[in-house]
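J.:
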Amino acid sequence: MAIRLDYTVPQNKNNSIPNPPGHLPPTSAKQLTAKSAQPDPDVLVKQNKKSTELKLRRAWDLALAPAKSLPMQAIMLYFSGSGVQIFSLGMIFMLLTGPITAVFNIFRAFESLRPTSTPSTPTTNKKSSELSTVSAEPSYGPLALPMIAYVACQGLVLALGLWKCSTMGILPTGSGDWLHFETRLDPPEWSAIRSLSMS
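The UniProt record's numbering numbers the first residue of the sequence shown as 1 and each following residue consecutively.
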């Protein structure tokens, strides 16, 4: 008994075998341009909403990243010691200058995460029957809370650096650090020898 295999593809549309996952039916170039020229407004709104949610989630991750690194930086500062050494001074310099430059460059940090303020709204043109979409410019409005949290977290990093400076004795917080600017008043008590020298 001979077994014969048939490798021809059946042309019947009512085939009971479904297409495999990821299979795209063959389409012509005209059909592809027709589909791309007329996008579905609901699909565009859903895609815009998903991208906005993803951008806001990434913005919160970026805003809370300095606070997540605080424990590690505190441990490194603790093990660097309280003496004035080049290693501890380098760490303090990074802790003091990093937050200041990050706050000044806050718009550059959040620029790629700006979501569009309103989803794209479909409008029909009277002269042509094509569907055109009007998309709004991305704005920093939805990123106001993550940006405030980012500034607050950078302030915590700066406070950690200032605390380390005060434990090392670098900050002029004592009264002995300002003796040069103190003015000495005349003593209130007078002696007989001083009064004779003044006359």
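The beta-carbon is built from N, C-alpha and C at its ideal position, and this holds for glycine as well.
Please list, in chain order, all residues of the same chain as GLN154 whose beta carbon is under 7 Å from its beta carbon, the five residues on each side excluded.
T.: Stepping through the sequence shown from its first residue, residue 154 is reached at position 154. Taken in chain order, the residues that qualify are PRO66, PRO99, ALA102 and VAL103.
J.: Closer than 8 Å by C-beta to PRO71: which residues in its own chain qualify, once you throw out the five before and the five after it? Chain order, please.
T.: Taking the first residue of the sequence shown as position 1, residue 71 is located at position 71. No residues qualify anywhere along the chain.
J.: Would you mind sorting LYS46 into buried or exposed? The rule is 16 or more other CB atoms within 10 Å of its CB.
T.: Your numbering for residue 46 matches position 46 in the sequence shown. Exposed.
J.: Quickly, what does DSSP pair THR116 with across the bridge? List them, please.
T.: Working through the sequence shown from its first residue, we reach residue 116 at position 116. Looking at the DSSP assignment, THR116 forms a beta bridge with PRO138.
J.: Go ahead and pull the three-state DSSP assignment for ARG4.
T.: Counted from its first residue, the sequence shown places residue 4 at position 4. ARG4 falls in the coil class under three-state DSSP.
J.: Indicate whether the contact test is met: 3 or more Cβ pairs, each with one atom in the segment 81–90 and one in the segment 138–147, closer than 8 Å.
T.: Result no; under three Cβ-Cβ pairs closer than 8 Å.
J.: With a threshold of 6 Å on Cβ separation, who are the neighbours of LEU64 within its own chain once the five nearest residues in sequence on each side are excluded?
T.: By 1-based counting over the sequence shown, the position of residue 64 is 64. Closer than 6 Å at the Cβ level, and outside the excluded window around LEU64, lies no residue.
J.: Can you give the beta carbon distance from GLY161 to ILE92, rounded, assuming they're within the 8 Å contact cut?
T.: Translated into positions along the sequence shown, residue 161 becomes position 161. Translated into positions along the sequence shown, residue 92 becomes position 92. Confirmed, about 6 Å.
J.: Roughly how many whole angstroms lie between the Cα atoms of ALA152 and ILE106?
T.: For the purposes of this step, residue 152 is identified with residue 152 of the sequence shown, where counting begins at 1. For the purposes of this step, residue 106 is identified with residue 106 of the sequence shown, where counting begins at 1. Rounded to the nearest angstrom, the two C-alpha atoms are 12 Å apart.
J.: Give me the Cα-Cα distance between GLU111 and ALA59, rounded to the nearest whole angstrom.
T.: Residue 111 sits at position 111 when you count from the first residue of the sequence shown. Residue 59 sits at position 59 when you count from the first residue of the sequence shown. Roughly 10 Å between the two C-alpha positions.
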